[in-house]
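Report on the structure given below.
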Amino acid sequence: MPGQTLHSAPAAVAPGLPPLTPAQLRYGILPKPTLEWTPEVERATAHLYEKVRTVIPAVEWPFFAPYVKAINELKAQRGAVILAHNYQTPEIFHCVADVVGDSLQLARLATKTDADIIVQCGVHFMAETSKLLNPGKTVLIPDSRAGCSLAASITGADVRLLKQRYPGVPVVTYVNSSADVKAETDICCTSSNAVKVVESLGVDRVIFLPDEYLGKYVATQTKVKLILWKGHCEVHERFTGAELRAYRDAEPGIQIIAHPECPPDVLAEADFTGSTAHMIDWVKTRQPKRVVMVTECSMADNVAAEAPNVEFVRPCNLCPHMKRITLPKILDSLLNMREEVLIDPAIAERARLPIERMIALAA
Ligand code: SF4
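In this note's numbering, the protein residues as written are 657 to 1019.
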């Protein structure tokens, strides 16, 4: 970007300000670019607006476009890659992300990037997973307060107590968990591969953490007995079977697809249950006329942008944690190299293993 250079020396810190993180010291801080809607910005972002025009009104694009242009230029200048979860908003998902997907796809692709800097547009446990798999790289999250009700429902100390109560029973943990919890885990899973992971252990009983509803769903697909924890996703637990029956009553032919983090009465109403990646594949392959997508509502926007012939009914439950990630915060992250994800090396060493076992199984 004209007039911008990477500082080779650490920036000075005024007395009283927090010390610079290793990433800020290593890569320096850049001046903020001009963020105006100009003919040049319009030209430079026109091809990106084409991707989202069905889900972002033209009147809103002048607010997004200057950030999109600045982020894409800065990303190239820094040699950074942006990973975005399926629940990110369309201007992030379609316009600045290099890699998109569900937790498993992002975890696998995080290991394949050559970039030295990873900006994780998702929640904190996802950024931790990227850091665990890329210990030598700088992993940034635009807002470290982007948490998750599932990840917050359990601690490493809770898992240690469970292991004392059920000695010798292996622990399978959903990736929606902290590094502290993963460090106490035998193997991780995602909603895409949970059944395969549980059955891969060759035992008749596992401790399955922390999502009770995902665990109940997995239990319907396998003979392995699951010892469950009462963690819930605050987005998916709000859906109800009655709500879905009302959609079906109003339009008998409508298709309903649901994420397995939903309660059992919701899944009982669904024509298809699957991870976000499987839901996307299902819609793109089946091309239903009208579909109710029972998951976080930005995902329906992202799929709608690529499936113009499908009409989406979006019972709109937003994840407040995912929505903490915005274009201005991504730009700030790249400019100031924050917020850097750092994990205690002793925990990281143990937390990496169950993720690597999961990835090896998926491969
Ligand atoms: S949608 Fe649910 S599981 Fe996903 S980050 Fe938000 S709270 Fe966590």
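In this text, a Cβ means the ideal position worked out from N, Cα and C, and glycines have one as well. Computed from a predicted model, the values in this text were never measured in an experiment.
Thinking just about the alpha-carbon of each residue, which of the options is nearest to the one in residue i?
{"i": "residue 852", "options": "1017, 973, 765, 801", "result": "1017"}
{"i": "residue 730", "options": "704, 970, 688", "result": "688"}
{"i": "residue 921", "options": "724, 870, 825", "result": "870"}
{"i": "residue 930", "options": "981, 873, 755", "result": "873"}
{"i": "residue 758", "options": "782, 800, 894", "result": "782"}
{"i": "residue 846", "options": "768, 913, 792, 764", "result": "764"}
{"i": "residue 814", "options": "837, 806, 897, 722", "result": "837"}
{"i": "residue 992", "options": "710, 917, 775", "result": "775"}
{"i": "residue 862", "options": "833, 907, 750, 821", "result": "821"}
{"i": "residue 915", "options": "890, 904, 905, 963", "result": "890"}
{"i": "residue 717", "options": "983, 1009, 1011", "result": "983"}
{"i": "residue 792", "options": "682, 725, 949", "result": "682"}
{"i": "residue 772", "options": "924, 908, 679", "result": "679"}
Can you give me the C-alpha to C-alpha distance between residue i and residue j, rounded to a whole angstrom?
{"i": "residue 719", "j": "residue 727", "result": "14 Å"}
{"i": "residue 660", "j": "residue 714", "result": "Interpretation of residue 660 is limited by its pLDDT of 33, a score under 50 that renders its predicted location unreliable; the figure taken from the coordinates is listed afterwards. Going by the C-alpha atoms only, they are around 31 Å apart."}
{"i": "residue 945", "j": "residue 876", "result": "29 Å"}
{"i": "residue 712", "j": "residue 825", "result": "49 Å"}
{"i": "residue 1006", "j": "residue 835", "result": "9 Å"}
{"i": "residue 994", "j": "residue 685", "result": "10 Å"}
{"i": "residue 769", "j": "residue 738", "result": "10 Å"}
{"i": "residue 1004", "j": "residue 885", "result": "23 Å"}
{"i": "residue 669", "j": "residue 676", "result": "Confidence at residue 669 is low in this model, with a pLDDT of 48, below 50, so the placement of that residue is unreliable and no value is reported for it."}
{"i": "residue 751", "j": "residue 893", "result": "30 Å"}
{"i": "residue 947", "j": "residue 960", "result": "11 Å"}
{"i": "residue 746", "j": "residue 733", "result": "23 Å"}
{"i": "residue 702", "j": "residue 823", "result": "59 Å"}
{"i": "residue 697", "j": "residue 725", "result": "7 Å"}
{"i": "residue 901", "j": "residue 919", "result": "14 Å"}
{"i": "residue 756", "j": "residue 935", "result": "14 Å"}
{"i": "residue 965", "j": "residue 710", "result": "11 Å"}
{"i": "residue 779", "j": "residue 963", "result": "26 Å"}
{"i": "residue 904", "j": "residue 969", "result": "12 Å"}
Taking a contact to mean a Cβ-Cβ separation below 8 Å, would you say residue i touches residue j in this structure?
{"i": "residue 743", "j": "residue 952", "result": "yes"}
{"i": "residue 849", "j": "residue 1014", "result": "yes"}
{"i": "residue 806", "j": "residue 888", "result": "yes"}
{"i": "residue 926", "j": "residue 912", "result": "yes"}
{"i": "residue 722", "j": "residue 762", "result": "no"}
{"i": "residue 865", "j": "residue 827", "result": "yes"}
{"i": "residue 1010", "j": "residue 896", "result": "no"}
{"i": "residue 777", "j": "residue 981", "result": "yes"}
{"i": "residue 740", "j": "residue 753", "result": "yes"}
{"i": "residue 917", "j": "residue 867", "result": "yes"}
- request: Would you list, in sequence order, the uninterrupted alpha helix (DSSP H) runs of no fewer than 4 residues that lie entirely inside the stretch 787-859?
  value: 812-821, 835-838, 850-856
message: When you compare the stretch 781-791 with the stretch 810-821, are there three or more beta-carbon pairs, one atom per stretch, that lie closer than 8 Å?
response: No, the stretch 781-791 does not touch the stretch 810-821.
- prompt: At a cut of 8 Å, does the stretch 834-843 reach the stretch 855-865 through at least three beta carbon pairs?
  reply: yes
field: Validate contact between the stretch 928-942 and the stretch 971-981 using beta carbons, cut 8 Å, 3 pairs
entry: no
message: Within 8 Å, do at least three Cβ pairs link the stretch 995-1013 to the stretch 788-803?
response: yes
query: Can you list, in chain order, the stretches of the beta strand (DSSP E) that have 3 or more residues and sit fully within the stretch 891-920?
result: 911-914
task: Could you tell me which uninterrupted alpha helix (DSSP H) segments, each at least 4 residues in length, are contained entirely in the stretch 919-978, listed from first to last along the chain?
output: 920-923, 932-942, 953-960
task: Please go through the stretch 669-702 and give each complete beta strand (DSSP E) segment of 3 or more residues, from N-terminal end onward.
output: none
- prompt: Residue ranges of each beta strand (DSSP E) run of no fewer than 3 residues wholly in the stretch 763-790, ordered along the chain?
  reply: Annotation: the stretch 763-790 contains the following complete segments of the beta strand (DSSP E) (minimum length 3 residues), in chain order: 773-777.
message: Does the stretch 979-988 come into contact with the stretch 790-802, if we say contact requires no fewer than three beta-carbon pairs (one atom in each stretch) closer than 8 Å?
response: yes
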